[in-house]
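Numbering (the working numbering), first residue to last: 1 to 110.
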């Protein structure tokens, strides 16, 4: 889930951790909050009661390990495969542990 940022982001992130979330990550739109699927509803209610504004809520699978692909040709093939999966009518969501460095991603045409 993503909560809206306030002026003092550092203290906001510490408060989120004190409330029992597993991990936080500052993003452009807000602060991404990670917790287990079993605790997601409970944490969402707790955050709302604590005054946080939740801008989005979604169950995702966050990889524990990422695979970095630095070869442009391989990265393009993997992205094409993932996009093909996403476009399939029976697929709701696609998750990946793929990490493509910015310099490689900039060379790939989408």
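Beta carbons: idealized from backbone N, C-alpha and C, even for Gly.
8 Å Cβ shell around residue i - same chain, five flanking residues per side excluded
| i | result |
| --- | --- |
| residue 46 | 19, 20 |
| residue 69 | 75, 78, 98, 99, 100, 104 |
| residue 67 | 97, 98, 99 |
| residue 24 | 13, 16, 17, 31, 32, 33, 34 |
| residue 82 | 94, 96, 98 |
| residue 6 | 12 |
Identity of the residue in the options nearest residue i by Cα
| i | options | result |
| --- | --- | --- |
| residue 8 | 1, 26, 2 | 26 |
| residue 43 | 1, 107, 88 | 1 |
| residue 57 | 82, 94, 33 | 33 |
| residue 63 | 5, 4, 6, 35 | 35 |
Cβ distance (whole Å) where residue i is taken to contact residue j below 8 Å
| i | j | result |
| --- | --- | --- |
| residue 59 | residue 37 | 6 Å |
| residue 55 | residue 90 | That pair is no contact at about 29 Å. |
Close-in-space but distant-in-sequence residues of the same chain around residue i (CB under 6 Å, 5 per side omitted)
| i | result |
| --- | --- |
| residue 95 | 61 |
| residue 22 | 34, 35 |
Beta-carbon proximity check, residue i vs residue j, cutoff 8 Å
| i | j | result |
| --- | --- | --- |
| residue 31 | residue 72 | no |
Worksheet item: Are the region 14-26 and the region 43-52 in contact at 8 Å, needing three or more beta carbon pairs?
Response: Yes, since at least three Cβ pairs between the region 14-26 and the region 43-52 fall closer than 8 Å, the two stretches touch.
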